[in-house]
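See structure below.
2 protein chains.
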Amino acid sequence: MTKFMDVHHGMHGITADQLLAAHKADLAIEGEEKVHFERAWADPASGTVYCLSEAPSADAVMRIHERTGHPASEIHPLPLVV
Amino acid sequence: MTKFMDVHHGMHGITADQLLAAHKADLAIEGEEKVHFERAWADPASGTVYCLSEAPSADAVMRIHERTGHPASEIHPLPLVV
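Just so you know, the protein sequences line up as chains A and B, in that order. Going by the numbering used here, the first sequence opens with residue 53, and the numbers climb by one from there. Going by the numbering used here, the second sequence opens with residue 53, and the numbers climb by one from there.
Here is the structure:
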C-alpha cells in the first residue's frame, strides 16, 4: 500500500457540505478497491481539492473517484513522508 | 490560524534525507513567523512536494520556505477540511 495525493482543479466555490458529501461517497465504496481516503482539504477560492489516501495503485484511487462522480485531475504516489 | 497546502514543483529525484533536511530547516525557524509545518509528502518521480502547515498567512509560509532555500510554487489556504 502506498500513500497518494490526488488533486481536483476547477472546484471553485465548493462548500463544506459538498466536500463532506463527496468524501462520504468515496468512503462508502472505497473498500471495493482496497483504497482508504484519509483526509481531504479544499480551497474554494482557487477551486482546488486535495485528497490524501492509502491505496494499492493510482488507478484504484481514480476508479473510486470516477464512480462517485469527481475524477481527479492529478494523482501522485507519495513514497516519501515526514 | 489557517491550514495551508503549499506545493513545490521541479523536485525530481528528491530523497528521503533531502525531504527530512528541508523539513527540519523549516521547523527550526517556523516559530519566528508563527507557522507550523505539520507534514510533508514527496513524489520524486514527478518532482512534486506537498507541505501541510498551519499559519497566520500564506506570506508567512512563503517567508519561511524562502529563508530555508526552497520557495513554494503554489500556496493554497484550506478553509475546508474533512
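Beta carbons: idealized from backbone N, C-alpha and C, even for Gly. Remember, it's a predicted structure, so these values are computed and weren't measured experimentally.
Could you run through the stretch 110-133 of chain B and flag, in chain order, every residue whose CB is less than 8 Å away from some CB of chain A?
Correct list: H128, P129, L130, P131, L132 and V133.
So which residues on chain B does A:A77 lean against when the C-beta distance must stay under 7 Å?
Against the first sequence, residue 77 of chain A aligns to sequence position 25. Residues of chain B passing the Cβ test: none, with the nearest at roughly 12 Å.
Quick check: is the beta carbon of A:I66 nearer than 8 Å to any beta carbon in chain B?
For the purposes of this step, residue 66 of chain A is taken as the residue at position 14 of the first sequence. Interface residue, yes.
With the cut-off set at 8 Å, would you say B:E90 and B:L104 are in Cβ contact?
Taking the second sequence and counting its residues from 1, one reaches residue 90 of chain B at position 38. Taking the second sequence and counting its residues from 1, one reaches residue 104 of chain B at position 52. Yes.
For A:E82, does the count of other Cβ atoms within 10 angstroms reach 16, so buried, or fall short, so exposed?
Taking the first sequence and counting its residues from 1, one reaches residue 82 of chain A at position 30. It counts as buried.
What do you reckon, are the CB atoms on B:V133 and A:W93 nearer than 8 Å?
Position 81 of the second sequence, counting from 1, holds the residue named residue 133 of chain B. Position 41 of the first sequence, counting from 1, holds the residue named residue 93 of chain A. Yes.
On the premise that A:E85 lies in contact with A:I116, defined as a C-beta separation below 8 Å, what is that separation, rounded to the nearest angstrom?
The residue you call residue 116 of chain A lines up with position 64 of the first sequence. The residue you call residue 85 of chain A lines up with position 33 of the first sequence. Rounded, the Cβ-Cβ distance is 5 Å, consistent with contact.
So which residues of chain A does B:A92 contact, with C-beta pairs closer than 7 Å?
Here residue 92 of chain B corresponds to residue number 40 of the second sequence, with the count starting at 1. Within 7 Å Cβ-Cβ: V134.
Please state the DSSP three-state secondary structure of A:V87.
By one-based count along the first sequence, residue 87 of chain A stands at place 35. Reduced to three states, the DSSP call for A:V87 is coil.
Can you list the residues of chain B that A:P108 reaches, using a CB-CB cut of under 9 Å?
In the first sequence, the residue the question calls residue 108 of chain A occupies position 56. Ordered by position in chain B, no residue passes the 9 Å Cβ test against A:P108, which lies about 17 Å from the chain.
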